[in-house]
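All letters in the sequence shown, in the order written, are residues 1 to 623 by my numbering. Some notes on the structure that comes next.
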Amino acid sequence: MKGTLNNKLSLLVVAVLFLWIKTYIIYKTSFSIDIENGLQEFILFINPLSFIMLILGLSFFLKSEKARNRYLLITSFFLTFILYANMVFYRFFNDFITLPLLFQTSNFADLGSSVNEEFHLTDILYFMDIIILAVLLKFKPKFLAFRHLSKMNRRAYFLSAAAMVFLNLGLSEVERPELLTRTFDREMLVKNIGTYNYHIYDLVLQSKSSAQRAMADGSELVDIENYSDAKYAKPKDDMFGIAKGKNVILVSVESTQEFVMNNKVNGQEITPFMNQFAKESLYFNNFYHQTGQGKTSDSEFLVENSLYPLSRGAVFFTHSGNEYQSMAEKLSENGYFTNAMHANNKSFWNRDIMYKSLGYERFYEVNDYDVNEENSVNWGMKDVPFFEQSAEHMKEMKKPFYSKLITLTNHHPFNYDEEDKFIDEFTSNSGTLNRYFVTVRYTDEALKNFVAKLKESGIYDDSIIVLYGDHYGISENHNEAMSQYLGKEVTPFVSTQLQKVPFMIHIPGVEGRVIDKVGGQIDMRPTLLHLLGINTKDDLQLGQDLLSDQHEELTVFRDGRFVTKDYVYADNKCWDKKTEQPTEKSYCAPYIEKSATELSYSDRIIYGDLLRFYDPDSAKRKE
Ligand code: GP9
Ligand code: MN
Numbered sequence: 001m002k003g004t005l006n007n008k009l010s011l012l013v014v015a016v017l018f019l020w021i022k023t024y025i026i027y028k029t030s031f032s033i034d035i036e037n038g039l040q041e042f043i044l045f046i047n048p049l050s051f052i053m054l055i056l057g058l059s060f061f062l063k064s065e066k067a068r069n070r071y072l073l074i075t076s077f078f079l080t081f082i083l084y085a086n087m088v089f090y091r092f093f094n095d096f097i098t099l100p101l102l103f104q105t106s107n108f109a110d111l112g113s114s115v116n117e118e119f120h121l122t123d124i125l126y127f128m129d130i131i132i133l134a135v136l137l138k139f140k141p142k143f144l145a146f147r148h149l150s151k152m153n154r155r156a157y158f159l160s161a162a163a164m165v166f167l168n169l170g171l172s173e174v175e176r177p178e179l180l181t182r183t184f185d186r187e188m189l190v191k192n193i194g195t196y197n198y199h200i201y202d203l204v205l206q207s208k209s210s211a212q213r214a215m216a217d218g219s220e221l222v223d224i225e226n227y228s229d230a231k232y233a234k235p236k237d238d239m240f241g242i243a244k245g246k247n248v249i250l251v252s253v254e255s256t257q258e259f260v261m262n263n264k265v266n267g268q269e270i271t272p273f274m275n276q277f278a279k280e281s282l283y284f285n286n287f288y289h290q291t292g293q294g295k296t297s298d299s300e301f302l303v304e305n306s307l308y309p310l311s312r313g314a315v316f317f318t319h320s321g322n323e324y325q326s327m328a329e330k331l332s333e334n335g336y337f338t339n340a341m342h343a344n345n346k347s348f349w350n351r352d353i354m355y356k357s358l359g360y361e362r363f364y365e366v367n368d369y370d371v372n373e374e375n376s377v378n379w380g381m382k383d384v385p386f387f388e389q390s391a392e393h394m395k396e397m398k399k400p401f402y403s404k405l406i407t408l409t410n411h412h413p414f415n416y417d418e419e420d421k422f423i424d425e426f427t428s429n430s431g432t433l434n435r436y437f438v439t440v441r442y443t444d445e446a447l448k449n450f451v452a453k454l455k456e457s458g459i460y461d462d463s464i465i466v467l468y469g470d471h472y473g474i475s476e477n478h479n480e481a482m483s484q485y486l487g488k489e490v491t492p493f494v495s496t497q498l499q500k501v502p503f504m505i506h507i508p509g510v511e512g513r514v515i516d517k518v519g520g521q522i523d524m525r526p527t528l529l530h531l532l533g534i535n536t537k538d539d540l541q542l543g544q545d546l547l548s549d550q551h552e553e554l555t556v557f558r559d560g561r562f563v564t565k566d567y568v569y570a571d572n573k574c575w576d577k578k579t580e581q582p583t584e585k586s587y588c589a590p591y592i593e594k595s596a597t598e599l600s601y602s603d604r605i606i607y608g609d610l611l612r613f614y615d616p617d618s619a620k621r622k623e
């Protein structure tokens, strides 16, 4: 009996093949997944296989043939259903399903009304293989059976499934390092680990954060509220409201560090425009980014909420369903039209969803721009056309508006077109650093054009323009080349100082000056809102108005490092800013605990979704 069965085609293999091929066909026909090279195509092709093999392989553990067959059929149907739900969802949202999104009732209403329209009669085709499987099972043709493999073959089956998992993850790591910890983009996740594994990943993230949220209650807020209250820095009378009613144009300048400002490479200025603009602005020259793995999205989080991002993962992904009291929301309440502008895929960093939670009224994403091969390089649309088209969009906006623009050209690996090269590359063993100067210089040029455009349309005089660097561009992997450029060793102290990013606020009619107070992105919300004449006294925030006399010079990094007026705490040592050498730890000691407390308060707000219990109107703190 056994011998004859071996000549037959296994039902399991048929079910695996059906589902695998179908998934791939759906990837190619129903989702628009950008494939840039053969390796990516190969990863996409193999990525459904390991999961399908493992899950259908569980049928081995069922005793009767009937149960095994039934399991195969039901599981195939269930997976097809998930795939199909994603397809319908994609037709409408151009995105993959996430659990928090399904739980967001406001989205659900949109979805419900449109789901009918997104139903096509031909969709039945996607279930064809299930029908064929069912027919095969019913009529049991002689050539097919569920071959109950020998123990050894079963082992081989699971080993090959496991090998597929490793092959898939290994290739993805080559293609997209840190994919799972950084969680870039759903499209990228699906492209690399496949739609089924992506759902499991999403489920893990979701259950972790739901558990923490469920256990939280409003009483946890007491300490945090007292802390935030004590930290409030009263705005200076002559600064509060000096930009009242002005539009806010906030530009997140990709990967731009402060060391390029007022600096040269091969005798050529790197940021001629920004240097000049800084002179006409309030320029903060001791200002740090405080981002973690969420990079750009973490900086956005800091700026909007005056809270820290998380120590791992991107809060834009993990806690997009939380309640926030963002700067955008506040500006909206004050009559502003709030929007974000970024010519990239809208789901990158989960922005499409998080921006709704942050209260942005509109997101101008890649589809709102005219992007083509000619005006793109590196990660996408070049900064010059991006700013040009953004300035056009601004003309149509209801005033006053708050626009946040995010540049893209100066992004690792800093590739550029010859025509956009205004200065020469540096020469070192790091191509990354060498090219960095060229792309920074290009973004500087783009900013110059942008400001000229704003002047032309008259928007300039009615707007404050805020420029800030989102995070570092040159990581510690390039220390050797960096030390060649700086002419000194990159110690942990220097490395920490390299986390400075430019920050400037241009206010029409206000003379420029340098403010050398130590500060960070967490301080931007209160600083900007106060300039606009909007009170933040009752808000739960951890940053301070940088222009206030009460501002305390302590800037905490997400990884626990910190900077004060005179010291830098890094690598478990206290460094003296003057000598740039380690000094007695006792100088830093008072701040070590304070920094840790502050980070943990911020984490508690996010993990417990505590802002849902906080009502600024009823808080009404005393001055
Ligand atoms: C992508 C852009 C870059 O949209 O914001 O993100 P990053 O890799 O810098 O976090
Ligand atoms: Mn960035």
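By construction, the Cβ of each residue, glycine as well, lies at the ideal position given by its N, Cα and C atoms.
- Message: If you reduce the DSSP assignment to three classes, tell me which class G469 lands in.
- Response: Here G469 carries a strand assignment [DSSP, helix/strand/coil].
- Residues that DSSP places opposite Q268 in a beta bridge: Answer is V265.
- Task: Please say whether L542 and L221 have beta carbons closer to each other than 8 Å?
- Result: In this structure, L542 does not lie closer than 8 Å to L221 by Cβ.
- Heavy atoms of the ligand GP9 versus C-beta positions, residues under 5 Å: Those residues are K295, T296, N344 and F348, given in chain order.
- Would you kindly check if the distance between the Cβ of R351 and the Cβ of F316 is under 8 Å? At the C-beta level, F316 and R351 come within 8 Å of one another.
- Task: Could you pull out every unbroken beta strand (DSSP E) segment of at least 3 residues lying fully inside the region 27-86, listed in chain order?
- Result: Segments of the beta strand (DSSP E) lying fully in the region 27-86: there are none.
- Supposed contact pair F387 and K453 - C-beta distance, whole angstroms, cut 8 Å: That belief holds up - the Cβ atoms of K453 and F387 are roughly 7 Å apart, short of 8 Å.
- Task: Please go through the same chain and pick out, in chain order, the residues whose beta-carbon is closer than 7 Å to the beta-carbon of M87, but skip the five residues on each side of it.
- Result: Excluding residues within five positions, the ones whose Cβ falls inside 7 Å are I26 and S30.
- Message: With the cut-off set at 8 Å, would you say H530 and M239 are in Cβ contact?
- Response: It is a contact, given that the beta carbons lie within the stated cut-off.
- Does the ligand MN have a heavy atom nearer than 7 Å to the CB of D571? D571: no, Cβ never under 7 Å from the ligand MN.
- So what does DSSP say about V556, is it helix, strand or coil? Strand.
- Message: To the nearest angstrom, how far is the alpha carbon of A134 from that of L73?
- Response: Taking the straight line joining both Cα atoms gives about 7 Å.
- Message: Rounded to whole angstroms, what is the Cα-Cα separation between Y567 and Y355?
- Response: Rounded to whole angstroms, Y567 to Y355 spans 36 Å at the Cα level.
- Task: Verify the CB distance criterion: does H551 have a CB-CB separation below 8 Å to chain C?
- Result: Reference to chain C is not applicable here, since this structure consists of a single protein chain.
- Message: For the ligand MN, I want to know if E254 counts as a neighbour, meaning its beta carbon is within less than 7 Å of at least one of the ligand's heavy atoms.
- Response: True, at least one ligand heavy atom lies under 7 Å from that Cβ.
- Hey, F414 and T432: beta-carbon distance below 8 Å or not? Going by C-beta atoms, F414 is nearer than 8 Å to T432.
- Message: Quick check on the DSSP output: the alpha helix (DSSP H) that includes R213 runs from which residue to which?
- Response: T195 to M215 is the span of the alpha helix (DSSP H), which, as asked, contains R213.
- Can you find a heavy atom of the ligand MN that lies under 7 Å from the Cβ of H411? The nearest non-hydrogen atom of the ligand MN is less than 7 Å from the C-beta of H411.
- Message: Does the beta-carbon of D298, which I'm using as the reference point, lie nearer than 7 Å to any heavy atom of the ligand MN?
- Response: Checking the Cβ of D298 against the ligand MN gives no.
- Near T318, what residues of its chain come up, given a Cβ to Cβ distance below 7 Å and the 5 sequence neighbours on each side ignored? Its chain contains L205, S209 and L310 as the residues whose beta carbon lies nearer than 7 Å to that of T318, once the 5 sequence neighbours on both sides are disregarded; these appear in chain order.
- Start and end of the beta strand (DSSP E) containing N334? Note, N334: premise wrong, no beta strand (DSSP E); not H, not E.
- How about D470: is its Cβ closer than 7 Å to a heavy atom in the ligand MN? Flag set: Cβ of D470 near the ligand MN.
- Query: Grouping DSSP H, G and I as helix and E and B as strand, with all else coil, what is Y308?
  - Reply: In the three-state reduction of the DSSP assignment, Y308 falls in the coil class.
- Please state whether DSSP places T496 in a helix, a strand or coil. Looking at T496 - three-state DSSP - the assignment turns out to be helix.
- Query: F139 to A15, Cα distance in whole Å?
  - Reply: C-alpha separation (whole angstroms): 16 Å.
- In this structure, does DSSP put M381 in helix, strand or coil? For M381, the three-state secondary structure derived from DSSP is strand.
- Alpha-carbon spacing of R91 relative to H120, whole angstroms: Their Cα atoms are separated by approximately 11 Å.
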